[in-house]
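As structure tokens, the structure follows; a few thoughts come after it.
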Amino acid sequence: MREAAPSIIGWPDPAPVLPAVIVERTQNPTHGDYSVTLPLKLAKPLRRSPMAIASELAAAMRLPSSFARIAVAAPGFINVTLERGWLQSQVDFVVSVGEGWGRSDLGQGVPVQVEFVSANPTGPLLFSHGRGAVVGDVAARILEASGFAVQREYYINDKGKQIRLFGESIRARMLGEPAPEGGYSGAYLSDIAAVLEDNALSASAPNLGELGVEWVQERIWDDLKRLGIRHDQVFLESSLYGGWDEDTMKRLTGLGRVVEKDGAIWFRTGTEKDEVLFKRDGYPTYFASDIFYHRDKFERRGFQRVIDVWGADHQGQVGRLKEALRVLDIDPARLTVLMVQLVSVKRGAETVRMSRRAGVGVSLREMLDEVGPDAVRYFFLLRSADAQMEFDVELAKTQSGDNPLYYAQYAHARLANVLVLGAGSTGVAALDRLDSEWELDLIRIILRWPDIVKEAAQAIEPHRLAFYTDEVAASVHRFYKNCRVVTDDLTLTAARLQLARAARITLANALGMMGVAAPDRM
RNA sequence: GCCCUCGUAGCUCAGGGGACCAGAGCGCUUCCGUCCUAAGGAAGGCGUCGCAGGUUCGAGUCCUGCCGAGGGCACCA
0 MREAAPSIIG WPDPAPVLPA VIVERTQNPT HGDYSVTLPL KLAKPLRRSP MAIASELAAA
60 MRLPSSFARI AVAAPGFINV TLERGWLQSQ VDFVVSVGEG WGRSDLGQGV PVQVEFVSAN
120 PTGPLLFSHG RGAVVGDVAA RILEASGFAV QREYYINDKG KQIRLFGESI RARMLGEPAP
180 EGGYSGAYLS DIAAVLEDNA LSASAPNLGE LGVEWVQERI WDDLKRLGIR HDQVFLESSL
240 YGGWDEDTMK RLTGLGRVVE KDGAIWFRTG TEKDEVLFKR DGYPTYFASD IFYHRDKFER
300 RGFQRVIDVW GADHQGQVGR LKEALRVLDI DPARLTVLMV QLVSVKRGAE TVRMSRRAGV
360 GVSLREMLDE VGPDAVRYFF LLRSADAQME FDVELAKTQS GDNPLYYAQY AHARLANVLV
420 LGAGSTGVAA LDRLDSEWEL DLIRIILRWP DIVKEAAQAI EPHRLAFYTD EVAASVHRFY
480 KNCRVVTDDL TLTAARLQLA RAARITLANA LGMMGVAAPD RM
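In numbering that gives the first Met the number 0, the protein residues as written are 0 to 521.
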């Protein structure tokens, strides 16, 4: 269409710029399945009526009549309606593709890194960390399914005084003393102290911090494992300081971006407010580490794109990091930072607000114990990452359709169940008999799945999967309720079983991409 | 004071500049039970899309300002 349009309607001088998206999905089914709005966009530059342009373009469009109907509608839309026979035939196609249904080679093997969680090993993961963990993991799954070469990375901040402070906090706990100034005071310190004492270590042992980190990190891996999350790579901050730091500083200095004042070393942002890179005591700031780290990702390791999942409390860092990348001649658009907003936990009438900074709140582990990993994942995915959310514990535990997780999983279980019941049926499927509104609606929704994945990959918006899943589940329940699958009518039974297979595959793939179980029985 | 995210139905939230786009679920009021799991389905009411301008053939959607909520603005992490 984009290529053909000029020759069909004649090109003016200068030529108009065509929009990137030419065919879009209609939002109202009475207008068909797809629409072309090009005539409306071309009307002004061509100084012609949009309806006339639409008619000419529509007349020139060549689509097999078995595939779709084309219509022109005021004020200048070209609407394409998929033919029933074609829709029905796609049921076989979905079944034949099976597990690959929804996957694509959109990314063409481009290397992408998703870095997420990256919590400091000085305390167990909070529930709010879980949100970033799920968002990052599902973003990675979506990109993998779309043909990107994805690496999942966990960055550990193993330098600096936090580890030392952590060790001092453990020592204080072992001695029954209060935590040091700015130290850690959570109940888990007692657990660590108990383990260390069991191993005959005293408060005077020199490496309490390291031992504590080991304990915490084990627990973090364990929590993530229960959530179904693994990382491919652990990156230590300390590895940035074997020369890479100096090399990067040399580059920045050469670019005239480094200045020393007040005994510290600063990055010249180009605005009035410079940023400290190395503190007066000689230690690097997080900003400096982040510059070294991201230059490493892009230049040394060659990732084309990097997705960082950060908590909302780090958003101040985004602008200056991107500015530093730009200065280093790395296109900042290659870095996407997903800001994950705060989570509060609602238990009955009580709401607990989570605060990372304050280090208080509900631990990820308690929530895994209480509602299970599937509910944690699905509920986090039912909200876009950039909106603050409330997690309703009672709802997550409810075993009914009020709970969107059960609603979706139950739809899958129903299909699996009916497929077992129909396993002995011997009829030959007559797909043209899938002609009720419920069946055709389900087919249309199923066929959207590959687009949903692509859109989620392009926008990096994992929540789109959950909303789609909810739609599929609703359509499945309607189908199940209105179209009895296994009957004496053998060709219809076979056709409906095939549709049930296609729907089950779609639901299973969608739930699978979210890391949520798709049970056959409930 | 500056920056970021959000502001849509009583509640929790979707809405890639398009035409019934004003939505879904929950909650509320009803209805559906020989029969594949009623852990379900069907019907109904619910709104000045925070406010005011602007861009556009067309604006919850983009821009500006204001108001409100939350989070950032450390030689903290």
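Think of the CB as a built atom: it goes at the ideal place given N, C-alpha and C, for glycine as much as any other residue.
Item	Value
Helix, strand or coil at E167 [DSSP, three-state]	helix
Buried or exposed (CB count within 10 angstroms, at least 16 for buried), Q497	buried
Cα-Cα separation between D328 and E298, rounded to whole angstroms	10 Å
Element boundaries [alpha helix (DSSP H), containing M50]	49-59
Stretch pair the region 439-456 + the region 401-419: three plus CB contacts closer than 8 Å	no
Proximity of V344 and F126 at Cβ, strictly below 8 Å	yes
Counterpart residues of W265 in DSSP-defined beta bridges	V258, V275
Cα-Cα separation, E82 to F466	26 Å
At least 3 beta-carbon pairs within less than 8 Å: the region 388-403 vs the region 500-520	no
Completely contained beta strand (DSSP E) runs for the region 207-245, where each covers 3 or more residues	232-235
Length at least 3, wholly inside the region 365-448: the beta strand (DSSP E) runs in chain order	388-391
Reference H230, options P449, A429, Y154, closest by Cα	Y154
Close Cβ partners of D373 (< 8 Å) along its chain, the five nearest in sequence each way excluded	L404, Q408, V515, A516
A384 and H313 closer than 8 Å at C-beta	no
Spatially closest choice to V137 from D157, P123, F115, K158, by CA coordinates	F115
Sheet register partners of G97 (DSSP bridge)	Answer is none; G97 lacks a bridge partner.
Close Cβ partners of V305 (< 6 Å) along its chain, the five nearest in sequence each way excluded	Q112, K296, L334
Same chain, Cβ closer than 7 Å to A494, five either side skipped, listed in chain order	A428, A429, L430, R432, L433
Ordered list of alpha helix (DSSP H) runs contained in the region 437-506, each at least 4 residues	448-458, 462-481
CA nearest to the CA of D244, picked from R46, L367, Q457, L276	L276
Bounding residues of the beta strand (DSSP E) (the contiguous stretch that carries V344)	342-346
8 Å Cβ cutoff met for S103 and V452	yes
Three CB pairs or more closer than 8 Å across the region 159-179 and the region 197-211	yes
Under 8 Å between C-beta atoms of V351 and G360	yes
DSSP-derived helix/strand/coil call for V361	coil
Contact check, V93 vs I504, beta carbons under 8 Å	yes
Cβ-based neighbour list, V71, same chain, cut-off 8 Å, excluding 5 preceding and 5 following	M50, A53, S54, A57, I77, N78
Whether T268 touches R319 by CB criterion (8 Å)	yes
Cβ-based burial, Q87 [other Cβ within 10 Å; buried from 16]	buried
A357, buried or exposed, once every other Cβ within 10 Å from all chains shown has been counted against 16	Bear in mind that a pLDDT of 46 at A357, under 50, signals an unreliable position, so the model cannot answer this.
Residue ranges of each beta strand (DSSP E) within the region 123-187, 3 or longer	148-155
Rounded separation between Q303 and S145 - CA only	15 Å
S117 classed as buried or exposed, judged by whether at least 16 other C-beta atoms fall within 10 angstroms	buried
Top-ranked residue by Cα proximity to G227, from L367, V485, G421	L367
A72 - DSSP class collapsed to helix/strand/coil	strand
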